[in-house]
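Under this note's numbering, the residue at position 28 of the sequence shown is numbered 28, and the numbers go up by one with no gaps.
Positions of the beta carbon are idealized from the N, C-alpha and C atoms, including for glycine.
Note that the structure is a prediction, hence the values are computed from the model and not measured.
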Amino acid sequence: MFNETNTLPDGLLDAKANELLSTLKAPTLIHLEGDIKKPLFVCTLLHGNETTGFYAIQKLLQEYRNKTLPRSISIFIGNVEAAAENKRRFEPQADYNRIWPGTHHSDSAETDMMKAITNIMQKKKPFASIDIHNNTGYNPHYACINILNPRCLQLAELFSNTVVHFTSPKGVQSAAFSDFCPALVLECGQSGQQDGITHSVKFLKSVLNLDSIPSDHPGNINLYHTVARVTIPEIFSFSIEENSDIQLSQELESRNFEELKSGSIFASIKSNNDAYIAVTSESNEDVTGEFFEIKNNKFILKKDITISMYTTDERAIKQDCLCYFMERIHIA
Ligand SMILES: [Zn+2]
1 MFNETNTLPD
11 GLLDAKANEL
21 LSTLKAPTLI
31 HLEGDIKKPL
41 FVCTLLHGNE
51 TTGFYAIQKL
61 LQEYRNKTLP
71 RSISIFIGNV
81 EAAAENKRRF
91 EPQADYNRIW
101 PGTHHSDSAE
111 TDMMKAITNI
121 MQKKKPFASI
131 DIHNNTGYNP
141 HYACINILNP
151 RCLQLAELFS
161 NTVVHFTSPK
171 GVQSAAFSDF
181 CPALVLECGQ
191 SGQQDGITHS
201 VKFLKSVLNL
211 DSIPSDHPGN
221 INLYHTVARV
231 TIPEIFSFSI
241 EENSDIQLSQ
251 ELESRNFEEL
261 KSGSIFASIK
271 SNNDAYIAVT
281 SESNEDVTGE
291 FFEIKNNKFI
301 LKKDITISMY
311 TTDERAIKQD
321 CLCYFMERIH
331 IA
């Protein structure tokens, strides 16, 4: 189901993300040798419409076109089929960042592919693993980690002072690789923005040139933990307009990583409607009542909470979620 190669595929350095299906034909794992043999693993296009990672890798490899890489690099280019259509994924297709070892999805050709890639990479003892994504709504650039250990935090801090720790959803690439190397997710703002590409290239270059990752606690991190995921049940219509079952706030799109105070209005419901927004904890329990009360057809926050990845984009909400709720954590 995927290709594996030790050379740079023809046309890769000049292709657009939506041309990768014709350039590569299938998801592709590429190993390129550098001076230090323990490879850096870089993963991109697990979501087909999040192109920053691919263009960052392309830029990096262009810069090293006639030079030896300081460290070997293994690159996995994921959902080229969805990338051809600029979609996160195709509807019947599994989400490529929910099917890695540890997933709750049942076995399929796609879970087998991710298992195979994980096994190949585990044997190579990677130096670190970096999976590059984008958000739909407006967010700062930040790094996500699945294990709170100093080397993960050090690596995250190299990218951003804003770091998110999460344990749910399951089956994400970074969590699978956290079993055997420091693993990060980079969230590089919205897809297609040049500053996300520039920032990622700079980060990848500095990691490629690192001899080791320090193991003391980093000093300057704003660390958040994801406590819940917010979704809208399929049966209800939603938009930023008044005529839907649920009216979303467009203003919240610019308030990701800001703390919303208890008592803030989060969304509205059409009067005489039983529509609701669902809040699910990390262990998949319904915790809606802990976060929201409904007063005068408004969803009111019952506690202070920081949001991330909030979007009003219909497809993104249906395929993923409305936002995440986070709390600040302090490490000793
Ligand atoms: Zn993504």
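Query                                                                                                                             : Result
Enclosing beta strand (DSSP E) for residue 139 [first to last residue]                                                            : Taken as a continuous stretch (DSSP letters only), residue 139 belongs to no beta strand (DSSP E), as it is neither H nor E.
Distance, residue 41 Cα to residue 273 Cα                                                                                         : 49 Å
Closer than 7 Å: residue 46 CB and nearest ligand 1 heavy atom                                                                    : yes
Beta-carbon proximity of residue 271 to residue 297, cut-off 8 Å                                                                  : yes
Residue 300 and residue 323 closer than 8 Å at C-beta                                                                             : no
Residue 131, DSSP secondary structure in three states                                                                             : strand
Secondary structure, alpha helix (DSSP H): runs of 4+ residues fully inside the region 153-204                                    : 173-177
Proximity to residue 62 [Cα-Cα], best of 217, 232, 255, 201                                                                       : 201
Any C-beta of chain B under 8 Å from that of residue 322                                                                          : The structure shown contains no chain B; it is built from a single protein chain.
As assigned by DSSP and simplified to three states, the class of residue 38                                                       : strand
For residue 211, the three-state DSSP class (helix, strand or coil)                                                               : coil
Segment limits, beta strand (DSSP E) that includes residue 69                                                                     : 69-77
One or two residues paired with residue 224 in a DSSP bridge                                                                      : 164, 328
Contact belief for residue 83 with residue 90 at Cβ below 8 Å, rounded distance in angstroms                                      : At roughly 11 Å, the Cβ-Cβ gap does not stay under 8 Å, so residue 83 and residue 90 are not in contact.
Other residues of its chain near residue 292: CB distance less than 8 Å, five sequence neighbours each side excluded              : 266, 277, 279, 299, 300, 301, 302
Burial state of residue 204 (16 or more Cβ within 10 Å)                                                                           : buried
Near ligand 1: residue 242 beta-carbon under 7 Å from a heavy atom                                                                : no
Cβ pair residue 45, residue 26 closer than 8 Å                                                                                    : no
Beta-carbon contacts of residue 236 that lie in its chain and below 6 Å, excluding the five residues immediately before and after : 245, 246, 275
Inter-residue Cα distance where the pair is residue 231 and residue 105                                                           : 19 Å
Sub-8 Å separation of residue 142 and residue 163 beta-carbons                                                                    : yes
CB of residue 135 within 8 Å of CB of residue 190, strictly                                                                       : yes
Local Cβ density within 10 Å of residue 130, reported as buried at 16 or more and exposed below that                              : buried
Assigned exposure category for residue 229 - 16 Cβ within 10 Å defines buried                                                     : buried
Residue 50 Cβ short of 7 Å to ligand 1 heavy atom set                                                                             : yes
Residues near residue 47 by beta carbon distance below 6 Å, same chain, minus five either side                                    : 88
Ligand 2 heavy atom lying under 7 Å from the CB of residue 79                                                                     : Absence of ligand 2 is noted for the structure shown, with ligand 1 being the only ligands found.
Residue 156, buried or exposed, once every other Cβ within 10 Å from all chains shown has been counted against 16                 : buried
When 38, 5, 55 are compared against residue 180, the one with the closest alpha-carbon                                            : 38
Span of the beta strand (DSSP E) around residue 247                                                                               : 246-248
Residue 141 beta carbon near ligand 1 (any heavy atom closer than 7 Å)                                                            : no
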